[in-house]
Amino acid sequence: MNIDIRHRFISIAAGAGLLASLGLTACDKNTEDPTPPAETVEVEAPPAEPARVYPEPPPPSEQRSVNFPALQKFELPNKLMVYIVENHEVPLVDVQLVVKAGTINDDLVGAMTASMLTEGTKKRSKAKIDESIEQLGSSLSAGAGEHNSFIQTRVLTPNLKFALELVNDVAQNPKFDKDALEKQKDQQKVAIKGEKSDGGALAQRLTQKLLFPPGHPYAPDFPTDAEIDAVTPEALRAFHDLYYRPGNAYLILSGDVTQADVQKLVESTLGRWKPFEGEVPPHPLEAFTGADYQKAVPTELAVHIVDRNQISSDIVIANVNSVARNSPEWEKMAAVTKLFGGGMSSRLFRDIREERKLTYNIGSFQAPQKAIGAFLLVTQTKETDEMLSALLGHIDQLRTTDPTEQEFKAAVDNMALSFPLQIETASQIAGKVGTMLTYNLPEDYYNNYIEEVRKIELGDIKDTAAKHIHTTPVIVIVGKAAKVKKQLKDVKELEGAKIYEYDTDLKPL
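Numbers 21 to 529, taken from this note's numbering, label the letters of the sequence shown in order.
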């Protein structure tokens, strides 16, 4: 929801009308009317509205020491890697089986394969799976992300053996029942319709398509109903056989466990997972080179409009840059986005929302990806012209001018001081281990994280922004095309920009 509380000014014509209503018009000097002129009435000007003053933020707390738990690992004879992180504060274990294949390998089949894992196996019906996990006072979930698919549960330590048996069954023996698949297809169609009816989702989907080269796995098209209907149990089984193999997966156990306690448990359960002969296909990103990404960088100033009947405009300004998740410059770029639009103390929040009242939500972030990263700025507004002018001005300032000492310190303090809160639970720690493994980060990455953040200098903000935020970004707007195009005429920063229009299927008009 946008809040429109902009100050309006009385026009000259309206001001003249007001004076007339008060009898304050000038007298004709040639008049012979003997009536004496009315006494001059002085109207006191309204006091100027005081500038908004923000209280100084409270001083940061002292840095908590961080000792990221040691990562233990071993490999089973079937090539499944097992990672263990001990945390004995509570008798719980977070279990994550991760398969190194997701929607990046097949946007539709990859997602549906993962969602079908808990719909029944050759040994257990869906009802039996649900009953078994509920008896443990837990839950079992499966799904697919961009790079990985997963099966996850969290159980009391005494129940770990049964949990591993259940995870092993779900991973190895999915039934891919035809009737259950039809229900999944219906859910997939509903999800796509929901995305097409969400302006923000449309804006981000089109942005991805414009950022990356044609056919790139980070930028899939909307699947059609016909494509969804064409998915068969055999297609899911083929994807499963190709990618769901112990040599292409790893297990994370985080919590109240030791390697000595669990090694035999893992060997007797997931150790029975038989390797699938043959090679895993090359990673989809290997087909794209630096030259391919460079060709996708815009060389002209352009605005891409998705014509949709909505009151406010959803806006994304973005670009692809060289900061992949495992880049040495990741922390510097994260500091740039934190200072710029990463929270309530950020520059965009304080100016665009608090001062100018142009939006309720605004933020910038650096998308964690392999091979190459993306910078994104996301917001909504009714005042598209004012918003774009303000944002483009802010981007230029970010690239050319050093930040103040105060905002620089606030951004770096936020990154460093909040980190201990991100590794308090076994699930959080398991997530960090998953990030290290997904993006090939060093095993001591989180032990050194705060030190690396504290090395960032004030001058790094401008230099990093200038290097990785383009002067010709991708600009996507979802809203009423006629209204948006009219507003764009008042944005001097976009003078001469080309306009491209799309429907809600993201097809060019």
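From the three backbone atoms N, C-alpha and C, an ideal C-beta is built for every residue, glycine too.
Of the other Cβ atoms in all chains shown, fewer than 16 fall within 10 Å of the Cβ of residue 213; this residue is therefore exposed. With respect to the 8 Å criterion, residue 117 and residue 170 are classified as neighbours on the basis of their beta carbons. Non-local C-beta neighbours of residue 233 in its own chain, meaning closer than 8 Å and more than five positions away in sequence, comprise 308, 312, 313, 315, 316, ordered along the chain. Beta bridge pairing from DSSP links residue 333 with 401.
Rounded to the nearest angstrom, the Cβ distance from residue 496 to residue 321 is 14 Å, too far for a contact under 8 Å.
By the criterion of a C-beta distance shorter than 7 Å, residue 275 is surrounded in its chain by 107, 112, 113, 114, 446, once the five residues flanking it on both sides are discounted. Counting along the chain, residue 106 sits inside the beta strand (DSSP E) bounded by residues 101-106. If only uninterrupted alpha helix (DSSP H) runs of at least 4 residues are considered, those enclosed by the region 218-267 are 219-231, 245-249, 253-263. Nearest to residue 87 by C-alpha distance, out of 380, 263, 439, 343, is 439. Here the C-alpha atom of residue 385 lies approximately 7 Å from the C-alpha atom of residue 361. Per the C-alpha coordinates, the member of 174, 492, 411 positioned closest to residue 378 is 411. Taking the CA atoms as reference points, residue 303 sits about 31 Å from residue 486. The three-state secondary structure of residue 341, taken from DSSP, is strand.
With distances taken between CA atoms, residue 129 lies nearest to 253 out of 253, 172, 515, 94. In the structure shown, residue 96 adopts coil according to DSSP, grouped into three states.
For residue 498 against residue 334, the beta-carbon gap comes to about 4 Å, under 8 Å, which counts as contact. Around the C-beta of residue 529, fewer than 16 other C-beta atoms lie within 10 Å, and the residue is accordingly described as exposed. Per DSSP, reduced to three states, the secondary structure at residue 517 is coil, with no helix or strand assignment. Judged by pairs of C-beta atoms under 8 Å, the region 179-194 touches the region 142-161, as three or more such pairs exist.
Here the alpha carbon of residue 494 sits roughly 11 Å from the alpha carbon of residue 325. According to DSSP, residue pairing for residue 296 in a beta bridge does not occur. Straight-line measurement puts the Cα of residue 263 at about 6 Å from the Cα of residue 121. Looking at the DSSP output, residue 522 sits in a beta bridge with 326, 528. Taking the Cβ atoms as the reference, residue 404 lies roughly 6 Å from residue 504, within the contact range of under 8 Å.
Of the candidates 398, 277, 430, 349, the residue whose Cα lies closest to the Cα of residue 92 is 277. In the DSSP assignment, residue 382 falls outside any alpha helix (DSSP H) and lies within the beta strand (DSSP E) extending over 382-387. Assignment of residue 270 by DSSP, reduced to helix, strand and coil, places it in the strand class. Here DSSP, grouped into helix, strand and coil, assigns residue 177 to helix. Contact check for residue 368 and residue 382: beta-carbon distance about 5 Å, within the 8 Å limit, so the pair qualifies. Secondary-structure assignment with DSSP links residue 480 through no beta bridge to anything.
With distances taken between CA atoms, residue 293 lies nearest to 192 out of 175, 192, 458. If you draw a straight line from the Cα of residue 286 to the Cα of residue 501, it is about 57 Å long.
Between residue 348 and residue 148, the alpha-carbon positions lie close to 48 Å from each other.
Looking from the CA of residue 164, the closest CA among 133, 177, 186 belongs to 133. A Cβ-Cβ separation of about 6 Å places residue 481 in contact with residue 356 under the 8 Å criterion. By the Cβ-count criterion, residue 454 is buried, with 16 or more other Cβ atoms from all chains shown falling within 10 Å of its own Cβ.
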